[in-house]
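Heads up, the thing below is written out as structure tokens.
In our numbering, the protein residues as written are 50 to 459.
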């Protein structure tokens, strides 16, 4: 038996049972088709998207995308970023900035898929603001496990400069890591800073897991709240001793169930028992004070400014008006922000739930402006009947804030 035949025999008998038969002609098409279907199902991709496929397998990828109805599809063969010309690395794709809605990279027929940093930067460059990039990464050993998914996501997220991970999915021995290019023009509408500082602790902690979060939807999902990807599902919080939960304007949620138990203020299905938290209920309603103040572990914080929010939410107020920084004369709002920062900075894990009324959105803007949002590990926003709710949530996630769309008891 020739050496090449022996190597092929050993590969077929010992390696392929674990890696899967990647020499199969159908496997690559199915994986690429699955990626397209997955992204379309998440409303991250549609048939009007201008598509670019990069790499040795781009011919195959293009044919799959065209079969699925994508007419404006382009390709770049080979690995242009590492082609040697006169001992120089060619690292630019031959397209101008902001050219494509979707860029895909992944050579399925290769035994190992690497993700060069320069390639990721070029993908970001040619993507339009808000555009989607997808990178196929070889799953360690070809086997699915949560650790390999996190490692795959981290290998890509660490290279991104203008984007954030929005989705991670295991597919037939590979991991597809999906990122979205930040919409800088709109991000500034939500507060003064486009990005939070690199040492923002909550962002640093949560960034590897942003892609595992539940998708943002226009309508309440049937499985809510079980569908919520709570942060403690990914991050080990058990060593942390001082846990804080702040609920702002709880009586604004008339359909939420409020009973005589302090756990009723808490989040259903949350992986950590409410008794482990110091709970702060922020409200203007004195009846809440009478009902909750005597419960162990629950502190009532009176905020009279919330009383006027029912009228404020009914007015036609623009997004920029909601999120203007605090005027100096609004001392009440300023003092509340100072109270929150003082409370949160000594905690080891902070969960914040709030509505999107006028006062609360100004508070959120203040959190970002002062960078106190870096004390918030997990944020829940309830924005019923607010037309720009999705923009607010997407902007926060693009900055690395681990924010959920909270539907309450609607």
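Cβ coordinates follow ideal geometry from the N, Cα and C atoms, glycine included. Small disclaimer: the values here were computed from a predicted structure and weren't measured.
Distance, residue 176 Cα to residue 154 Cα: 13 Å
Boundaries (first-last residue) of the beta strand (DSSP E) holding residue 432: No beta strand (DSSP E) holds residue 432; DSSP gives it neither H nor E.
Residue 176 (DSSP reduced to helix, strand or coil): strand
Three-state secondary structure assigned by DSSP to residue 404: strand
Given residue 248 as reference, the closest of 453, 455 and 449 once Cα atoms are compared: 449
Exposure of residue 275, with buried meaning 16 or more beta-carbon neighbours within 10 Å: exposed
Close Cβ partners of residue 445 (< 6 Å) along its chain, the five nearest in sequence each way excluded: 452
Terminal residues of the beta strand (DSSP E) in which residue 116 lies: Taken as a continuous stretch (DSSP letters only), residue 116 belongs to no beta strand (DSSP E), being part of the alpha helix (DSSP H) at 107-116.
Rounded Cβ spacing between residue 142 and residue 125 (contact assumed at less than 8 Å): The Cβ separation is near 6 Å, so the contact holds.
Residue 95, buried or exposed, once every other Cβ within 10 Å from all chains shown has been counted against 16: exposed
Per-residue DSSP class, three states only, for residue 267: Note: residue 267 maps to coil in three-state DSSP.
Same chain, Cβ closer than 8 Å to residue 205, five either side skipped, listed in chain order: 164, 169, 184, 186, 214, 226 and 228
DSSP three-state assignment for residue 234, whether helix, strand or coil: Confidence is the limiting factor: at residue 234 the pLDDT is only 43, short of 50, which leaves the residue's position unreliable, though a coordinate-based value still follows. Three-state result, residue 234: helix.
Residue burial classification, residue 285 (beta-carbon count within 10 angstroms, cutoff 16): It is exposed - the Cβ of residue 285 has fewer than 16 other Cβ atoms within 10 Å.
6 Å CB neighbourhood of residue 93 in its chain, flanking five on each side removed: 181
Residue burial classification, residue 271 (beta-carbon count within 10 angstroms, cutoff 16): exposed
Nearest-angstrom Cα separation, counted from residue 173 out to residue 145: 11 Å
Residue 403 versus residue 297: straight-line alpha-carbon distance, rounded: 5 Å
Cβ-Cβ separation, residue 385 to residue 412 (assumed contact under 8 Å), whole Å: 7 Å
Closest by C-alpha distance to residue 106, when choosing among 81, 290 and 100: Comparing alpha-carbon positions, the option among 81, 290 and 100 lying closest to residue 106 turns out to be 81.
Assigned exposure category for residue 250 - 16 Cβ within 10 Å defines buried: exposed
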